[in-house]
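Asker: In order, the protein sequences belong to chains A and B. The first sequence runs 0 to 199 under numbering that gives the first Met the number 0. The second sequence runs 0 to 256 under numbering that gives the first Met the number 0. Just so it is clear, CB atoms sit at the ideal spot from N, CA and C, and this is done for glycine as well.
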Amino acid sequence: MTGTTGEAVKAKNGAMVAYDGQMSFKKMTGGGEGLRGMVTRRLTGEQMAVMEVKGQGTCYFADRASEINLVRLQGEKLYVEASNLLCTDAALHTGTTFTGLRGASQGNGLFTTTVEGSGQAAITSAGPAVVLRVTKQSPLQVDPGAYVAHTGDLKQHFQSGVNFRTFMGEGSGEAFQIRFEGEGLVYVQPSERDTVGGEV
Amino acid sequence: MTGPVVHDVQTLPADDNVNPYAFSVDLNGQWFLQKGKMIAYYGRIDFHGIGHGHLDRLIAGSFHSPLHAADWVVAEGQGKMLLADRAFDVNSYDLDEGNLTIRSGNLLAFQPSLSLKQSIIPGFLTLIGTGKFVAASNGPVVFVEPPVRVDPQALVGWADCPSPCHHYDHQYLRGFLGGLRAHTGIGGASGEEHQFEFVGAGTVLLQSTEQLMPELATGTVPDEAGVPGGGGHAQQSGSQLPQLPGNLGGLQRRFGL
């Protein structure tokens with residue numbers, strides 16, 4: 000769903016569906032983050048199989064017909080689950096970061112992927128993502144199953160509405176939320192992954 | 000290239016769609032919603048399961064479906080709330096002193112000015128009153144006016160019209176061969192021998208695929224005589240005789256053999 004001319008692109012392994020022109024595909028061990036990145040990814044379980052695409056022409060990427068959202072970064076940091084990251088400009092640096100309980104609540108582990116620098120990244124979501132702005136006056140609560148990515152200077156913490164009713168089988172189904180505070184953008188998909196929290 | 004549209008608490012629409020798959024509710028008070036369909040919200044909103052507590056009066060007034068109580072919550076507070084369901088199309092509809100019957104899995108949320116009842120047709124819910132509700136469908140919804148015959152899998156719901164009934168094609172009914180065809184597929188069944196028929200004044204809501212939205216089983220209605228779908232054993236009422244070997248059973252009875 001996105002093209003490349005001249006410079007290189009980092010993409011999820013096997014995401015190429017078609018290309019014209021001259022292209023070369025190279026598997027990047029450890030997400031192209033060097034030995035340290037590789038070890039970190041192995042340790043954190045936030046694994047990401049990445050290839051480098053170089054050449055002239057147009058290359059098309061897709062992933063199981065899921066919706067693709069382009070994010071333009073100008074120096075800020077994008078936090079996204081490795082499974083939702085489709086491709087990035089080679090100029091963008093990827094890394095791993097600790098997210099805490101939020102990740103655990105989605106069953107995605109305690110770590111997430113960061114993308115940093117200037118350029119474009121493509122993220123996938125089930126249905127087109129809704130981009131929501133968070134300001135100091137208007138914090139945002141997101142269902143862990145619908146969260147896709149966020150940018151900007153945001154503090155996230157986990158809030159739970161679990162009370163004695165939850166244990167009596169009268170749970171609200173919305174017992175867990177991630178609360179975002181600060182300034183930034185949050186990408187939310189119109190669909191919920193199956194999460195531990197979703198059943199409560 | 001322009002970036003994606005960024006919404007904030009002010010620019011989010013009030014009680015309208017953000018895109019075909021997400022709906023924004025401007026909450027000021029209470030709404031009923033199906034569990035797990037809230038994807039994000041601004042403001043101060045609490046979610047309460049349906050049970051005892053301070054919501055008793057609200058529930059007494061607008062919720063009359065014990066089978067589905069475990070699937071619904073009440074959102075209470077102030078703010079903007081986004082609803083979505085597995086990236087299916089969502090739409091809001093207004094009822095004005097009307098009634099609407101809808102497949103239970105398709106209904107996402109409704110205002111408490113409406114009252115929710117279980118339809119006597121198993122698996123369907125009926126909303127009565129005046130207010131707004133949000134429903135999901137697999138593909139955009141098409142509205143048609145009766146008289147119309149629709150494919151069972153494409154039916155989402157119907158408003159204000161009585162008497163939905165089964166309609167079987169004459170060819171299907173005519174004889175053993177037709178029956179055999181339909182049941183085995185031998186000789187080619189078109190798969191369109193059976194429809195739902197609507198007559199009278201009203202509106203029928205159809206989705207644009209024949210792929211039903213997966214839904215949760217909610218249990219059975221009370222086991223009473225005369226209640227459709229009630230009890231597990233009421234189905235086999237025709238023949239009291241034990242089945243003999245070589246007996247075609249229901250098929251035989253159906254075609255008068």
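Does Asp19 of chain A come out as helix, strand or coil in the three-state DSSP assignment?
Answerer: As a first step, residue 19 of chain A is located in the first sequence; it is residue number 20 there, counting from the start. Strand.
Asker: Should Asn68 of chain A be flagged as near chain B, meaning a C-beta pair shorter than 8 angstroms?
Answerer: Here the question's residue 68 of chain A lines up with position 69 in the first sequence. Yes - at least one Cβ of chain B is within 8 angstroms of the one on Asn68 of chain A.
Asker: Apart from the five residues just before and just after Gly94 of chain A, which ones in its own chain have a Cβ nearer than 6 angstroms to its Cβ?
Answerer: Start at 1 with the first residue of the first sequence, and residue 94 of chain A comes out as number 95. Thr113, listed in sequence order.
Asker: Count the CB pairs spanning the stretch 96–113 of chain B and the stretch 132–152 of chain B that are closer than 8 angstroms, and state whether there are at least three.
Answerer: These segments touch.
Asker: Can you have a look at Cys86 of chain A and say buried or exposed, based on whether 16 or more other CB atoms are within 10 angstroms of its CB?
Answerer: Position 87 of the first sequence holds residue 86 of chain A. It is buried - the Cβ of Cys86 of chain A has at least 16 other Cβ atoms within 10 Å.
Asker: Taking 8 angstroms as the CB-CB limit, is Ala281 of chain B close to chain A?
Answerer: What is shown of chain B runs 0 to 256, which leaves residue 281 of chain B out entirely.
Asker: In the DSSP output, which residue or residues are listed as bridge partners for Lys11 of chain A?
Answerer: For the purposes of this step, residue 11 of chain A is identified with residue 12 of the first sequence, where counting begins at 1. Per DSSP, A:Val49.
Asker: Out of A:Leu184, A:Gln119, A:Thr123, state which residue places its alpha-carbon closest to the alpha-carbon of Lys135 of chain A.
Answerer: Position 136 of the first sequence, counted from the first residue, corresponds to residue 135 of chain A. Ranking the options by Cα distance to Lys135 of chain A, first place goes to A:Leu184.
Asker: Apart from the five residues just before and just after Gly76 of chain B, which ones in its own chain have a Cβ nearer than 6 angstroms to its Cβ?
Answerer: Residue numbering aside, residue 76 of chain B sits at position 77 when the second sequence is read from its first letter. Same-chain partners within the cutoff: Arg43, Ile44, Asp45.
Asker: Quick one, which residues of the stretch 9–24 of chain A are near chain B if we go by CB-CB under 7 angstroms, in chain order?
Answerer: Result list empty, no residue passes.
Asker: Going straight from the alpha carbon of Leu154 of chain B to that of Gly97 of chain B, what length do you get?
Answerer: The residue given as residue 154 of chain B occupies position 155 in the second sequence. The residue given as residue 97 of chain B occupies position 98 in the second sequence. For Leu154 of chain B and Gly97 of chain B, the distance between alpha carbons rounds to 19 angstroms.
Asker: Would Pro302 of chain B be called buried (16 or more neighbouring beta carbons within 10 Å of its own) or exposed?
Answerer: The structure shown does not extend to residue 302 of chain B, since chain B spans only 0 to 256, so no value can be given for it.
Asker: My output table needs one value for Asp7 of chain B: the three-state DSSP class, helix, strand or coil.
Answerer: Position 8 of the second sequence, counted from the start, is the residue given in the question as residue 7 of chain B. Looking at Asp7 of chain B - three-state DSSP - the assignment turns out to be coil, as it is neither helix nor strand.
Asker: Taking 8 angstroms as the threshold (beta carbon to beta carbon), is Leu131 of chain A in contact with chain B?
Answerer: The sequence position of residue 131 of chain A within the first sequence is 132, counting from 1. Yes, Leu131 of chain A counts as interfacial toward chain B.
Asker: Given a limit of 8 angstroms on CB to CB distance, which residues of the stretch 17–28 of chain B reach chain A?
Answerer: Against chain A - using a Cβ distance shorter than 8 angstroms - the residues of the stretch 17–28 of chain B are Val17, Asn18, Tyr20, Ala21.
Asker: Please classify Thr150 of chain A as buried or exposed, where buried requires at least 16 neighbouring CB atoms within 10 angstroms.
Answerer: Translated into positions along the first sequence, residue 150 of chain A becomes position 151. Looking at its Cβ environment, which holds 16 or more other Cβ atoms inside 10 Å, Thr150 of chain A is buried.
Asker: Against chain A, does Asp55 of chain B count as a neighbour if the rule is that its beta carbon must be under 8 angstroms from one of theirs?
Answerer: Residue numbering aside, residue 55 of chain B sits at position 56 when the second sequence is read from its first letter. No, no contact with chain A.
Asker: Just the C-alpha distance for Glu182 of chain A and Gln73 of chain A, rounded to the nearest angstrom, thanks.
Answerer: Position 183 of the first sequence, counting from 1, holds the residue named residue 182 of chain A. Position 74 of the first sequence, counting from 1, holds the residue named residue 73 of chain A. The alpha-carbon atoms of Glu182 of chain A and Gln73 of chain A are separated by roughly 15 angstroms.
Asker: With distances taken Cα to Cα, identify the nearest neighbour of Glu75 of chain A among A:Glu180, A:Pro189, A:Phe175, A:Asp152.
Answerer: Reading the first sequence from its first residue, position 76 is the one you call residue 75 of chain A. Considering only alpha carbons, the answer is A:Asp152.
Asker: Quick check on Glu80 of chain A: buried or exposed, where buried means 16 or more other Cβ atoms within 10 Å of its Cβ?
Answerer: Residue 80 of chain A sits at position 81 when you count from the first residue of the first sequence. When all chains shown are included, Glu80 of chain A counts as buried.
Asker: So which residues on chain A does Ile38 of chain B lean against when the C-beta distance must stay under 9 angstroms?
Answerer: Numbered from 1 along the second sequence, position 39 holds the residue referred to as residue 38 of chain B. Here the neighbours are Val129, Val141, Asp142, Gly144, Ala145, Tyr146, Val187, Gln188, Pro189, Ser190, Glu191.
Asker: Closest by CA to Gln55 of chain A, which one among A:Met22, A:Leu77, A:Asn68?
Answerer: Mapped onto the first sequence, residue 55 of chain A falls at position 56. Gln55 of chain A has its Cα closest to that of A:Met22, out of A:Met22, A:Leu77, A:Asn68.
Asker: Assign Ile58 of chain B to one of three DSSP states: helix, strand, or coil.
Answerer: Working through the second sequence from its first residue, we reach residue 58 of chain B at position 59. If DSSP states are grouped into helix, strand and coil, Ile58 of chain B belongs with the helices.
Asker: Gln188 of chain A: which of A:Val129, A:Ala121, A:Leu139, A:Leu77 sits nearest, CA to CA?
Answerer: Here residue 188 of chain A refers to the residue found at position 189 of the first sequence. Of the candidates A:Val129, A:Ala121, A:Leu139, A:Leu77, the one whose C-alpha sits nearest the C-alpha of Gln188 of chain A is A:Val129.
Asker: What's the gap between the Cα of Pro3 of chain B and the Cα of Ala121 of chain A?
Answerer: Residue 3 of chain B sits at position 4 when you count from the first residue of the second sequence. Residue 121 of chain A sits at position 122 when you count from the first residue of the first sequence. Distance between the alpha carbons of Pro3 of chain B and Ala121 of chain A: 12 angstroms.
Asker: Once you ignore the five residues that flank Leu69 of chain A on each side, which residues in its own chain have a CB closer than 6 angstroms to its CB?
Answerer: Indexing the first sequence from 1 puts residue 69 of chain A at position 70. Taken in chain order, the residues that qualify are Gln119, Ala121.
Asker: Which two residues bound the contiguous beta strand (DSSP E) that contains Ile120 of chain B?
Answerer: For this step, residue 120 of chain B is matched to residue 121 along the second sequence. It is not in any beta strand (DSSP E) - Ile120 of chain B carries neither H nor E in the DSSP assignment.
Asker: Rounded to a whole number of angstroms, what is the C-alpha to C-alpha distance between Gly48 of chain B and Lys34 of chain B?
Answerer: By one-based count along the second sequence, residue 48 of chain B stands at place 49. By one-based count along the second sequence, residue 34 of chain B stands at place 35. Spanning the two alpha carbons is a distance of roughly 9 angstroms.
Asker: Under 8 angstroms between the Cβ atoms of Met80 of chain B and Leu115 of chain B?
Answerer: Counting from 1 along the second sequence, the entry for residue 80 of chain B is found at position 81. Counting from 1 along the second sequence, the entry for residue 115 of chain B is found at position 116. Not a contact, by the Cβ cut-off of 8 angstroms.
Asker: Can you tell me whether Lys25 of chain A is buried or exposed? The criterion is at least 16 other CB atoms within 10 Å of its CB, across all chains shown.
Answerer: As a first step, residue 25 of chain A must be located in the first sequence, where it is residue number 26. Result: exposed.
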